[in-house]
Every structure is written in structure tokens, then in C-alpha cells.
Amino acid sequence: MPHFLRTLRAIALILIMVPCAPRARAAEQTLDLVKQRGKLECGVSPIAPGFSYLDDQGTRQGFDVDLCRAIAAAILGKPDKVEFALLESNLKFEALRSGRVDLLSAQTTWTFTRDRDFGFDFGPIVFHDSQAIMVRLNLGVKTAQELSGATVCLLPSSTSQQNLEDYFRTHALKYQAVLFENSDEWRNAFFAGRCDAISSDRSAILSVRIMASDPSQYVVLPESISDEPLAPVVRQNDSNWKDLVSWVIYALLMAEKKGITAQNAESLRNSPDPEIRRLLGSDDQFGKMLSLPNDWALSAIKAVGNYGEMFDRHFGPASSMPLERGLNRLWVNGGIMYAPPFR
Amino acid sequence: MYIRDSRFRAIAYQTIVLAVVALAAIAIYRSTIAGLAARGIPLGFDFLDKPAGFVLEQSIIPFKATDTYGRALLVGLANTLLVSLASLVAATLFGFAIGAFLVSDHPILRGLARVYVETLRGVPLLLWLFFWYALLLYQLPPANQAWEIAPNVFASKDGVIFPSILWTYKLGGVALSVILGLVLGMLFTRRSKRRRWLPALSVLASLLIALAVFQPDLVFELPTKGRFRIAGGSRLTAEFLALFAGLSLSASAIIAEVVRAGILAVPTSQRDASMALGLNSWQTLVFVILPQASRLIAPPLASIYLSLVKSSSLALAIGYPDLVMVANTAMNQTGHAVECTAIYLATFLLISLLIALLMRNLERDLK
Chain A
16 MPHFLRTLRA IALILIMVPC APRARAAEQT LDLVKQRGKL ECGVSPIAPG
66 FSYLDDQGTR QGFDVDLCRA IAAAILGKPD KVEFALLESN LKFEALRSGR
116 VDLLSAQTTW TFTRDRDFGF DFGPIVFHDS QAIMVRLNLG VKTAQELSGA
166 TVCLLPSSTS QQNLEDYFRT HALKYQAVLF ENSDEWRNAF FAGRCDAISS
216 DRSAILSVRI MASDPSQYVV LPESISDEPL APVVRQNDSN WKDLVSWVIY
266 ALLMAEKKGI TAQNAESLRN SPDPEIRRLL GSDDQFGKML SLPNDWALSA
316 IKAVGNYGEM FDRHFGPASS MPLERGLNRL WVNGGIMYAP PFR
Chain B
33 MYIRDSRFRA IAYQTIVLAV VALAAIAIYR STIAGLAARG IPLGFDFLDK
83 PAGFVLEQSI IPFKATDTYG RALLVGLANT LLVSLASLVA ATLFGFAIGA
133 FLVSDHPILR GLARVYVETL RGVPLLLWLF FWYALLLYQL PPANQAWEIA
183 PNVFASKDGV IFPSILWTYK LGGVALSVIL GLVLGMLFTR RSKRRRWLPA
233 LSVLASLLIA LAVFQPDLVF ELPTKGRFRI AGGSRLTAEF LALFAGLSLS
283 ASAIIAEVVR AGILAVPTSQ RDASMALGLN SWQTLVFVIL PQASRLIAPP
333 LASIYLSLVK SSSLALAIGY PDLVMVANTA MNQTGHAVEC TAIYLATFLL
383 ISLLIALLMR NLERDLK
């Protein structure tokens with residue numbers, strides 16, 4: 016056979032194979048992937064005091080980070096079987112969509128568009144936040160109503176830009192926005208005096224204030240201009256995975272209600288309370304129903320403690336970023352955090 | 033046999049290569065669509081008609097939050113073109129001047145030009161942008177204590193604010209006439225090489241006629257101090273100025289080197305001959321050396337222009353709302369990542385092709 020024809024045949028074979036190139040599977044099974052890999056890939060914020068930060072020993076700590084550890088412990092038995100991907104807010108959705116991470120635990124506000132149009136599903140709300148505005152003290156501004164004509168530094172890849180626009184339009188106030196893709200530049204521009212005000216989630220704004228060289232030079236205005244329910248995010252149409260993420264969070268909430276802590280969890284396996292026994296895997300087969308070991312919730316609680324312990328560790332009075340617990344208290348304590356029954 | 037025919041073989045090979053490329057593109061397209069469909073993400077450009085719900089600080093096209101994402105992208109494109117064009121002109125002017133200094137006989141001038149070139153091209157552009165931006169933000173006063181650097185011209189962290197001319201339909205008429213005059217003049221010049229002065233004349237004539245016909249009166253909007261910042265007037269934001277400085281200075285250093293190379297490539301006998309004719313060194317450079325060097329300078333200059341326009345997308349690092357930044361914002365708010373990326377890829381490709389075409393024409397004209 017002439018050389019030319021052989022080449023032609025080889026190329027023809029390649030051409031036939033091209034349309035058969037791998038395509039995305041119809042229904043993904045993230046849980047199987049995580050088990051196969053032996054590690055959870057979790058997307059968190061690079062720098063967000065309280066939520067995701069490095070401690071003195073250089074270990075990643077934080078509320079969002081602990082959530083990843085709890086889920087890793089529930090699936091794989093150990094809280095350190097997790098790999099953290101540090102994602103700026105403009106990249107996090109693509110990282111989840113492309114399969115780079117298994118879930119986002121990165122202060123993401125749950126909105127209609129993100130749930131429907133982005134191809135994501137949201138787990139239960141883990142933190143009720145609201146949007147706040149901070150200004151320089153020497154401007155003498157007391158309320159957001161006085162901000163007409165001000166310049167505001169914003170992160171475009173968050174909900175805060177549209178919320179601020181809605182708020183200022185509703186109150187017929189004018190303003191100018193300067194947008195930054197990167198949160199470092201955003202903070203630095205504000206500290207350098209590029210903007211009169213800076214706006215984002217209240218927790219994020221408080222953490223910006225902490226990072227200032229002199230926090231007393233800045234005031235957070237009293238107004239809450241929007242509700243910001245923060246929740247973990249997973250890819251759409253993978254309900255086993257979404258169930259798992261949700262029930263790990265519910266287990267941490269239930270643990271707080273039932274008084275189960277990281278310390279006493281092991282001993283409470285023999286508790287007479289049937290719901291505690293079901294939760295900790297002494298009775299029934301709840302783990303199996305999630306395709307997990309039966310002590311899944313026990314591992315999670317032992318790893319990070321219950322929801323209240325987690326909150327206190329990162330936002331309690333002794334933490335580097337003390338926050339009012341407010342709405343994030345259990346409903347029995349006057350908040351709105353609530354877990355469905357383990358039955 | 034056809035296979036023995038080299039012309040047939042050439043055509044066959046090219047067809048096969050083309051088919052492979054086309055099929056690969058189709059495969060990528062299909063797997064993207066399938067991947068998005070599997071995750072329930074709709075694909076389409078409908079989101080461009082939805083209200084954007086955000087404001088943009090620097091825009092030469094009027095824009096408010098109730099306008100659509102499509103218009104926001106248009107504002108982004110206008111901003112990209114504005115900063116690219118301004119930087120391109122400034123970089124060319126600086127570049128040619130510094131390039132001439134680089135081959136100057138004065139050792140001090142030559143040394144300074146060398147330092148300029150090496151400093152600017154030796155540091156990544158992104159770092160220069162951060163530097164210029166920080167310099168502006170830390171050196172200029174806060175917005176409510178702006179310096180009046182000239183009557184009614186203010187400078188602060190908020191940028192440079194100057195009186196703007198209020199746009200009237202009469203001014204629009206004048207502008208249109210001038211553009212018409214330029215186009216007509218260029219159309220007639222293309223046919224002959226001798227009437228090079230024609231465009232200038234027709235622009236001048238149409239300007240004078242339009243001024244006489246419309247008799248526009250200039251109304252200025254003066255900047256006025258507010259509680260936080262200066263309102264009214266036109267403004268060049270600190271982000272624009274930092275980006276403009278970064279792009280134009282860095283590109284000018286590279287242009288200077290290309291100009292130097294072009295000048296050195298002209299045989300020294302040309303220089304000797306022109307000196308012998310009694311031209312001084314300035315005249316020699318402008319009338320003898322540069323016209324010959326420009327043929328050598330034009331091709332690399334096109335590449336520098338292209339890279340300047342593409343580098344303008346670094347804007348997002350310092351918060352200048354260029355096309356990429358606005359597209360990223362739209363992407364994050366609507367989730368239409370594939371469409372937004374496609375839009376800015378296609379737009380940059382189009383701008384680049386346009387510049388390449390213009391520079392090819394210029395090269396042909398120089399021959």
C-alpha cells in the first residue's frame with residue numbers, strides 16, 4: 016500500500032474516533048469520586064478571618080474550613096482527608112462547575128439565580144449574614160442615608176454590587192462604584208482612600224476592619240442593606256451528594272441541641288435518648304442510607320465539635336473575630352438554626 | 033494515478049488538515065454543550081437583554097444600573113478602546129523620541145534613554161500597574177480635599193476632573209461633517225499618490241463650513257465641590273490614569289528599541305551623504321534616516337500595538353472597567369461563563385485583526 020494511503024487511513028481512523036470523544040456523564044456521583052480519591056476537594060476563601068485563615072502554626076482554620084473537615088470525617092473517617100482549594104470569589108463557581116472541587120464552603124450567598132441558572136444546588140444555610148457598609152471615621156457619616164454622592168469600593172463577583180444598587184436606588188441616593196476583581200486590591204484601595212465607603216457581607220466588612228492598621232479609624236454603619244444567607248454549594252442533579260452535605264450539617268446542629276460535644280460524643284453512644292443513638296450510629300442504619308460508615312456523624316462531631324462549638328471557636332468572644340451569634344443561635348435559644356429530625 | 037500528482041497531493045493534505053481542525057472544533061463544542069446540559073445550565077445570549085443592576089464608574093457611553101448587560105459590555109468595549117487608543121498614541125510618540133535619543137551623539141542623553149528603556153521593559157507590566165496605581169492613590173489628596181491644579185481642573189484620589197463641553201446636536205453636526213470630510217478626502221487620495229494634502233484640506237473645509245452653518249455655542253459644565261467628591265465635569269479616574277501610564281510607558285520602551293534597531297539598520301553611507309549635503313543631524317534623522325527606517329520598524333510595531341491592546345485586559349487588576357472586567361462581572365452574576373468568555377475572545381480577536389490589517393496597509397504604503 017502506498018505511503019500516502021496509509022497516512023490517509025490513519026487520519027480517517029482518528030476522524031471516526033473524534034466524535035466519540037468522552038462526554039460529560041449524565042448523572043455524576045461525587046460521593047464515589049471522593050471515596051475513590053480518598054480525599055475531599057473543598058473550595059474555601061483564601062483570606063477571610065473567621066471563615067478561612069491560617070493560624071500561628073500555618074494550618075488552615077475557620078468556620079468554612081471546619082465544615083469541610085466535618086464532611087471529610089463523615090465520609091472517610093478522618094478530618095485531615097481533605098484538600099483545600101483557595102478560590103477568589105470570581106473563580107469559585109467555575110472551579111465547582113468544572114469539577115476541580117467537590118463542594119464550595121466559601122461564604123456563598125444563596126440566591127435564586129445561582130440556584131437555578133448557574134447549575135448549582137445549595138445545602139442548608141450555615142450562617143445568616145447581612146450586607147453592611149463601612150466608612151472612614153473622619154467623614155462624620157452616621158447613617159447610610161448620608162452617603163449620597165459617595166464613592167464605594169466593591170467586589171463585582173459578589174451579590175453586594177447589585178444589593179447596593181437596589182438600596183441606593185430605593186432611597187434615591189447617588190453613588191459611584193469602583194470595582195475590584197481581587198479582594199486584596201479591593202481592601203488596599205479602600206485603606207488608601209480611593210473610596211469613601213466599602214461594602215460587603217457584614218462578617219467580611221468586620222474582617223476588613225480588623226485588617227486595618229488602625230481599626231478605630233473606620234466605622235461600620237448600622238444599616239443592614241440585604242439578607243445574606245451563606246450556604247455550601249454543590250453541582251446540580253447529584254442529590255445523593257447534596258443529601259450527604261446537608262445531613263452532615265444537620266448532624267452538627269442536632270448535636271448542639273442534644274448537648275453532644277467533641278469531648279462527650281464517644282461516651283454518649285450509650286445514651287438512653289433514641290435520637291442520639293440513631294444520630295451516633297448506635298441504633299439503626301442511617302450511615303448505610305447515605306452510603307457511609309454508620310459512625311459518620313460521630314466522626315464529624317469528634318472532628319469539629321457541634322455547630323455551637325464551631326461557631327465559638329471562630330466567632331466567639333475569645334476568637335480573633337468576635338461576632339454576635341444573633342440569628343445563628345438554635346431556634347430553642349432565640350435564633351433560626353434548625354435541624355430536621357433524625358428519624 | 034492522482035497520488036503521483038503533486039498538486040493533487042497538496043490539495044488533499046490541506047483538505048485533510050482542515051477537516052481534522054473542523055472536527056476537533058465540533059467535538060469540543062459538542063462536549064461543552066453536553067457537559068452544560070448534564071448540569072442543567074442553559075446556554076444562550078438572552079441574558080444580554082436583562083438589566084445589569086450595577087453602575088460603572090468610568091464610562092464614555094452613558095450607563096445606568098437599569099441598562100442591560102449588553103450595554104454594559106458595550107461600555108466595557110468603549111473603555112478598552114479608549115485606554116488602548118490613548119496609550120497607543122502616547123507610546124508611539126514617546127517611543128520614537130526615546131528611540132532617537134538612544135542613537136544620539138550626546139552620552140548623557142543616550143545614557144538616560146538607556147536607563148528609561150531598561151527600567152520600563154525589565155519589570156512585568158502587572159507590577160508597573162500596581163506601582164502607578166499605588167503612587168496615584170498615596171500621593172494625591174482625598175476626594176473631598178482635591179487640588180486645583182489649573183482653573184477648574186482638580187486632581188485627587190478620585191482622578192483628574194476637568195470642565196466638560198455639554199454635547200448639543202449642533203456639535204454633533206459639526207463632528208459628523210468633519211468625519212464626512214475626512215472620509216471623502218481619503219477616498220479621493222487613494223486614487224493618486226500626489227494629492228496627499230487632500231484629506232487635511234477637506235477636513236479643514238468641512239470644519240469651517242459646518243461652523244458657519246451650525247454656529248454652535250460651547251457650553252461648559254464646571255466641576256463643583258460636593259460633600260464627598262467633586263461632581264460634574266468630565267473625569268479620568270485614577271484607575272484609567274494608572275492603566276494609561278503603565279501601558280503607554282512600558283510599550284514606549286519596546287518601541288524605542290525597535291526604532292533604534294530600524295535607525296541602525298539604515299546604511300551609514302546614507303547618513304554620511306546627507307551630512308555632506310549640509311543637512312544637520314536633526315534634519316538627517318527626520319528627512320533621511322527615519323523614512324528609510326520606518327519600513328523596518330512597521331512590522332514589529334504592529335506586534336507591539338497588538339500586545340498593548342491585549343495587555344489592556346490587565347485592567348481588572350486595578351479596577352478599571354474594561355471589556356474583560358465587565359464580562360467577568362456579567363459572568364459571575366448570570367452564570368453564563370461560556371458566552372461571556374466567547375464574547376471577549378471574539379472581540380479581542382476582531383480588534384487585533386483590524387490592527388493587523390491597518391498595519392499591513394501602512395507597510396504597503398511605505399514601500
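As given, the protein sequences belong to chains A and B, one line each in that order. With positions in the first sequence counted from 1, the corresponding number in this note's numbering is that position plus 15. With positions in the second sequence counted from 1, the corresponding number in this note's numbering is that position plus 32. Where is the CB? At the ideal position from N, CA and C, for every residue including glycine.
So is residue i in contact with chain B if we call contact Cβ pairs under 8 Å?
i	result
residue 171(A)	yes
residue 208(A)	yes
residue 345(A)	no
residue 327(A)	no
residue 39(A)	With a pLDDT of only 43 at residue 39(A), under the threshold of 50, the placement of this residue in the model should not be trusted; the figure read from the coordinates follows. Yes, contact with chain B.
residue 101(A)	no
residue 243(A)	no
residue 180(A)	yes
residue 200(A)	yes
Where do the ends of the alpha helix (DSSP H) carrying residue i lie?
i	result
residue 301(B)	300-308
residue 289(B)	270-297
residue 353(A)	Element bounds for residue 353(A): n/a, residue is neither H nor E.
residue 52(A)	45-52
residue 194(A)	Counting along the chain, residue 194(A) falls outside any alpha helix (DSSP H), though it belongs to the beta strand (DSSP E) covering 190-194.
residue 166(A)	That residue, residue 166(A), is in no alpha helix (DSSP H); its beta strand (DSSP E) goes 165-169.
residue 358(B)	355-366
Pull up the CB-CB distance for residue i and residue j, whole angstroms please, since I reckon it's below 8 Å.
i	j	result
residue 124(A)	residue 243(A)	5 Å
residue 357(B)	residue 69(A)	Incorrect: roughly 29 Å between the Cβ atoms, too far for contact.
residue 87(A)	residue 55(A)	4 Å
residue 265(B)	residue 195(B)	5 Å
residue 292(B)	residue 154(B)	The pair is not a contact, with the Cβ atoms about 16 Å apart (cut-off 8 Å).
residue 348(B)	residue 158(B)	Contact doesn't hold; Cβ gap of about 11 Å is too wide.
residue 246(B)	residue 205(B)	5 Å
residue 311(A)	residue 46(A)	That belief does not hold up - the Cβ atoms of residue 311(A) and residue 46(A) are roughly 12 Å apart, past 8 Å.
residue 270(B)	residue 125(B)	That belief does not hold up - the Cβ atoms of residue 270(B) and residue 125(B) are roughly 23 Å apart, past 8 Å.
residue 351(A)	residue 321(A)	Not confirmed; about 17 Å, so no contact.
I'd like to know whether the C-beta of residue i is nearer than 8 Å to at least one C-beta of chain A.
i	result
residue 61(B)	no
residue 111(B)	no
residue 57(B)	no
residue 307(B)	no
Look at the alpha carbon of residue i and the alpha carbon of residue j, and state the distance between them as a whole number of angstroms.
i	j	result
residue 47(B)	residue 342(B)	32 Å
residue 175(A)	residue 338(A)	20 Å
residue 353(A)	residue 294(A)	15 Å
residue 81(B)	residue 95(B)	14 Å
residue 97(B)	residue 179(A)	11 Å
residue 324(A)	residue 211(A)	37 Å
residue 331(B)	residue 235(B)	29 Å
residue 289(B)	residue 302(B)	21 Å
residue 91(B)	residue 249(A)	37 Å
residue 104(B)	residue 95(A)	45 Å
residue 115(A)	residue 308(A)	25 Å
residue 237(B)	residue 256(B)	37 Å
residue 307(B)	residue 192(A)	59 Å
residue 313(A)	residue 335(A)	28 Å
residue 205(A)	residue 175(B)	12 Å
residue 177(A)	residue 366(B)	12 Å
residue 35(A)	residue 118(A)	In this prediction, residue 35(A) has a pLDDT of 45, which is less than 50 and means its spatial position is unreliable; what the coordinates show is noted afterwards. Distance between the alpha carbons of residue 35(A) and residue 118(A): 29 Å.
Which class does residue i belong to by DSSP, given the choice of helix, strand or coil?
i	result
residue 294(A)	helix
residue 247(B)	coil
residue 142(A)	strand
residue 191(B)	strand
residue 76(A)	strand
residue 127(B)	helix
residue 151(A)	strand
residue 36(A)	With a pLDDT of 44 at residue 36(A), under the threshold of 50, the predicted position of this residue should be treated as unreliable, though the coordinate-derived value follows. Three-state result, residue 36(A): coil.
residue 68(A)	strand
For the beta strand (DSSP E) that residue i lies in, which residues bound it at each end?
i	result
residue 223(A)	Counting along the chain, residue 223(A) falls outside any beta strand (DSSP E), though it belongs to the alpha helix (DSSP H) covering 217-226.
residue 372(B)	Not the beta strand (DSSP E): residue 372(B) falls in the alpha helix (DSSP H), residues 369-398.
residue 55(A)	55-59
residue 233(A)	233-235
residue 98(A)	97-101
residue 181(B)	179-182
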